[in-house]
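Numbering (this note's numbering), first residue to last: 6 to 626. What follows is one structure encoded as structure tokens, with my remarks underneath.
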Amino acid sequence: MSEMEVVVGIGGAAGDGTASAGNTLVLSLARQGIASYSYNAYQSVIRGGHSWLRIRFSPKKPLNHGDQVHALIALNQDSLDRHLQELQPGCVALYNGAKFAPSYDPPSGVQLCPLPIPDLSPDSIRLPVMQNTVAVGALTQLLGLDSASLESVFETTFAKKPEVVQKNVEAARTGYEYASKNFKPLSTRLTPTDQKWVQVSGNHLLAMGAALAGCKFYVAYPMSPATHVLEWFASHAQRLGICVRQVEDEISVIMMCIGANHMGVRGMCATSGGGFALMSEAIGMAGIIETPAVIINVMRAGPSTGVPTKTEQADLNQAFGASQGEFPRVVLAPTSMSDCFVTPSQAFDVADRFQLPVIILSDMLMSEGSETVATEVLDVEFPIDRGELITKADGPPDGEPYLRYKDTPSGISPRAVPGVPGHLHVSASDEHDEDGVLLSDVYTDPIRRKKMVDKRVRKMSTVLDHLPAPVLEGPADAETTLLGWGSTWGVIKEAAERLNAEGTSVNHLQIKTLIPLHIDEIAATLNRGQRIIIIENNQSGQFARHLRAESGIVAHGHIRKYDGEPFEPKHIVASVKDVIGGQEVVEVISTEPGWRTDHPTGTSGTWSGLKVTKPSVPAKN
């Protein structure tokens, strides 16, 4: 266990309060200057199932949720049985000893910490959720931290309910005192700092960044894991002067989003893969009428409903191919939760300047997870570039007729807000001439059709000038370059640091702008090394294929994960060594050898969560 960090796992059924317990702990430690990164895994049910919140704490900002749980808070029997086997010597397991106990012997050196919850908190008989407060109080003591910050969180959370504050403070104190008398503290000591942290999720950062970038219209249909973007906008709409609409389906969502942008208002929407599929045709309409639009796709495991509360990076091809025909689009994938805050501003400026749809690819890991962000990171003012937007009746120069789709050297035409005098034009989903007149109404002119296609595509020639190129991290002369995209940045960065410390020479390049690619910069970087390994959360290697198609660059190895769970640093460290050893494709799964992970649906039934020996397989002749 690192002396500078601790990973806490909180497990229970939906409704047991795993999230509230985690939030309380995160806020308490943040007030002591300790940063955190949270991965939230849950089932698509209101009650039952298994929820698992994993939080990594450190005075230094964590970049991922880590490899190893050091402290387990089990809120039900199922969670204790599932996760006790994951603990190692020196780790602790806290649970309600009055209601359940381990179904098997814990790993050697693991400290069992049963809490007599009814004795410590009589209110727990009527309010079972009080066991969470007792457990959090006990863990605070085991971490060697003061309980004052924890109690201040209750005072803030329940400010309007003094009786609730008192009950939680008492429960936390009893847990704290019981742990001090009955359990050995963790060897880790998290040192408080003076740093000010704010806890925020990736979805909330996307929404906050969009609001600061001038978004004045947000429309959505609730769909996990993108729903919290809608919730943030709905909560802040009145104060910020933002029009927010929840409508009947995703087709209506995208049409209203395009409509708002068509009228000169910065509008945005967010969904997941299934909703994005319904938006596909309308995205093509935005392309042909050259109307900006910002669409967030928070990726989850598909196809169809798939595994709606698990993470994946498998919608890349969907973003590339949304709608039929050919038209320019930009696809951005934030590389971290903090980058989610910056990306909407980039997306809106590019969408406005180049008059095209911009797709932001987040994923469940980033959007539903949370991290602590330094307060100064959020204290910014994004410059706003609306591009060739006409809002006043100045009229075209020299009395020329207004051409909405004028064929310019850049491909960018002057965009007038509907209703501006002297700028009458037609906008429709058919192909059109420069003045908007539809080519298919009388005849289709092949010359004019080609001219309009070429004009639209020409815009892409300068898009990359307005988007930052990827930057190589690590030693420039490394033998191996680890190449990732989107949310895998933090876990690859840590894995690269570990590999270099062990003597394996690697560096790291993370791609955010997926369409178009910074081909020249990427090629110049990758040509320095001897080996390229691409890491992504899908089965088919979608980015690897995209890179090869666009640049001719072929990776020497591939590390892929598509079991619904995100990468951990240890997965990448081990897999890189496998690739260097000669394995071309390494498929990672989130289990340890010999662990039984089978379990009946829900939380009932008998489960053998024992570590077993894998049976030997006879050698083939």
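Note that CB positions come from ideal geometry on N, CA and C, so glycine has one too. These figures come from a predicted structure and were not determined experimentally.
{"query": "Every unbroken beta strand (DSSP E) inside the stretch 146-221 [3 residues or more]", "result": "202-206"}
{"query": "Assigned secondary structure, D4 (DSSP; H/G/I helix, E/B strand, else coil)", "result": "Here the chain has residues from 6 to 626 only, and residue 4 is not among them."}
{"query": "Cβ neighbours of N45 in the same chain (closer than 6 Å, five flanking residues each side left out)", "result": "L58, E373, G374"}
{"query": "Local Cβ density within 10 Å of M228, reported as buried at 16 or more and exposed below that", "result": "buried"}
{"query": "Contact check, T485 vs V511, beta carbons under 8 Å", "result": "yes"}
{"query": "Closest Cα partner of G292 within the set V462, S152, V378, A176", "result": "V462"}
{"query": "Inter-residue Cα distance where the pair is G280 and A287", "result": "12 Å"}
{"query": "Neighbour-count burial assignment, P605, 16 or more Cβ in a 10 Å radius", "result": "The predicted model places P605 with a pLDDT of 38, which falls under 50 and marks its position as unreliable; any figure quoted below should be read in that light. Result: exposed."}
{"query": "Spatial neighbours of M213 in its chain, beta-carbon cut-off 8 Å, leaving aside the 5 residues before and after", "result": "V205, W237, F346, L383"}
{"query": "Environment of I130 [buried if 16+ CB atoms lie within 10 Å]", "result": "exposed"}
{"query": "Host beta strand (DSSP E) of E376 (start-end)", "result": "375-379"}
{"query": "Three-state class that DSSP yields for H551 in the structure shown", "result": "helix"}
{"query": "Euclidean distance between Cα positions of A19 and A549", "result": "37 Å"}
{"query": "Within 8 Å, strictly: CB atoms of T314 and S49", "result": "yes"}
{"query": "Closest by C-alpha distance to D151, when choosing among T23, I364, H55, L30", "result": "L30"}
{"query": "Where N28 falls: helix, strand or coil (DSSP)", "result": "helix"}
{"query": "Reference G562; option with closest CA among E555, D390, G586", "result": "G586"}
{"query": "Straight-line Cα distance separating Y42 from L195", "result": "15 Å"}
{"query": "Limits of the alpha helix (DSSP H) - the one that G326 falls within", "result": "321-326"}
{"query": "Anticipated Cβ contact below 8 Å, G278 with Q323, distance rounded", "result": "6 Å"}
{"query": "Proximal residues to S558 (C-beta, below 8 Å), its chain only, five neighbours per side dropped", "result": "As written in the sequence, residue 558 is Ile, which differs from the Ser given in the question. Only I527, A528, L531, I537, L552 meet the Cβ criterion."}
{"query": "For L519, the nearest candidate out of G489, A506, N542, N543 (CA to CA)", "result": "G489"}
{"query": "Cutoff 7 Å; reference L477; Cβ partners in own chain excluding five residues on either side", "result": "N512, L514, T530"}
{"query": "First and last residue of the uninterrupted beta strand (DSSP E) at P119", "result": "116-120"}
{"query": "Own chain partners of M273 with C-beta closer than 6 Å, once the 5 adjacent residues on each side are dropped", "result": "A215, C220, Y223, V299"}
{"query": "Beta-carbon proximity of L120 to Y100, cut-off 8 Å", "result": "yes"}
{"query": "Contact under 8 Å by Cβ, E541 with T493", "result": "yes"}
{"query": "The stretch 331-344 in contact with the stretch 178-190 per 3-pair CB rule at 8 Å", "result": "no"}
{"query": "Three or more C-beta pairs below 8 Å linking the stretch 413-422 and the stretch 383-399", "result": "yes"}
{"query": "V2 in three-state terms, based on DSSP", "result": "The structure shown has nothing for residue 2, since the chain only spans 6 to 626."}
{"query": "Cut-off 7 Å between Cβ atoms - residues of its own chain near A398, not counting five sequence neighbours on either side", "result": "V425, P426, G427"}
{"query": "Residue nearest to A176 in terms of C-alpha spacing, selected from G441, V141, K104, L235", "result": "V141"}
{"query": "Sequence-distant residues of the same chain with beta carbon closer than 6 Å to S33, five excluded per side", "result": "S154, L155, V158"}
{"query": "DSSP state of M273 mapped onto helix, strand, coil", "result": "strand"}
{"query": "W202 and A76 closer than 8 Å at C-beta", "result": "no"}
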